[in-house]
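If you count by mature numbering (1 follows the signal peptide of the UniProt record, and there is no 0), then the sequence shown holds residues -23 to -1, 1 to 177, one letter each, in order. All C-beta atoms, glycine included, are put in the ideal place defined by N, C-alpha and C.
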Amino acid sequence: MKKVMVGIAALTCIAMTSCGNMGQVLGAMTNGTGVVNAITSVIGLDKVKQQNLIATWKYAGPGCAFTSENLLAKAGGEVAAVQIEEKLLPYYQQVGLSDSNTYITFNEDGTFSSKIAGTPFNGKYTFDEATQKISLKGLLLSMNCYAKKEANGISILFEAKKLLTVLQTMSAMSGNKDLQTIGDLSKNYDGVRVGFDMKR
């Protein structure tokens, strides 16, 4: 589980350093998904309800969102997020993510079962509708993520900096300089959440 998440976080960081061209961002405005998500986000329809979360969600592609209280910044972030997702896709493919090996099931009794690139992660969860925060607690690993309503499903997203703090800790323990470099890069990404777009 940790190995997969570390790989995904590393690839996410690398991909994010290569995007940001204004032409790319403007180009995303012609992408229907980006426009729909931007409008949905601005008018406040992007909240997932507890009853809607209970289902089996399968991986559909990379997910990304910017966090902002400013509505215009939030809309712009949605458009930019489309570009980041496009950059992430080949890296996620290299890790081997697919709808058959990456999914999560939220049950009514507060338990969940999931796999990420075939690695199982099961336990209990809590969901806060106000913040959209999902707390996942397994036997050996606990993590927080966020749900975000999308046009065709939901996104399960993690705070990039928090995810990459794990990389910094692991690099200190293992002496892996590459992980430390990735950890240093994470300092530049405040208010970005990355993860997975999911469909039923």
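Which listed residue (the options) has its alpha carbon closest to that of residue i
i	options	result
F83	A107, L113, D174, S75	L113
D105	R177, L65, K125, G73	K125
I133	L116, D174, L118	D174
L65	G87, A37, Y80, K92	A37
R170	Y69, Y68, P39, G100	P39
A137	I61, G73, P67	I61
Cut-off 7 Å between Cβ atoms - residues of its own chain near residue i, not counting five sequence neighbours on either side
i	result
K110	N121, Y123
A58	C41, A42, F43
G4	With a pLDDT of 48 at G4, under the threshold of 50, the modelled position of that residue is not reliable, and no figure is offered here.
G95	N78
L74	Y36, A94
G115	F98, N99, G100
G172	G40, C122, S132, I133, L134, F135
Residue i: first and last residue of the uninterrupted beta strand (DSSP E) it sits in
i	result
T33	33 to 43
V171	169 to 176
Contacts around residue i, its chain only, beta-carbon distance under 8 Å, and the 5 residues preceding and following it disregarded
i	result
T108	Y123
F89	I81, T82, F83, N99, G100, K101, Y102, L113
Distance CB(residue i)-CB(residue j) smaller than 7 Å
i	j	result
I131	V25	yes
D76	K35	yes
6 Å Cβ shell around residue i - same chain, five flanking residues per side excluded
i	result
S91	I81, F98
E63	none
Within the segment 48 to 136, ranges of the alpha helix (DSSP H) (whole runs, at least 4 residues): 48 to 72
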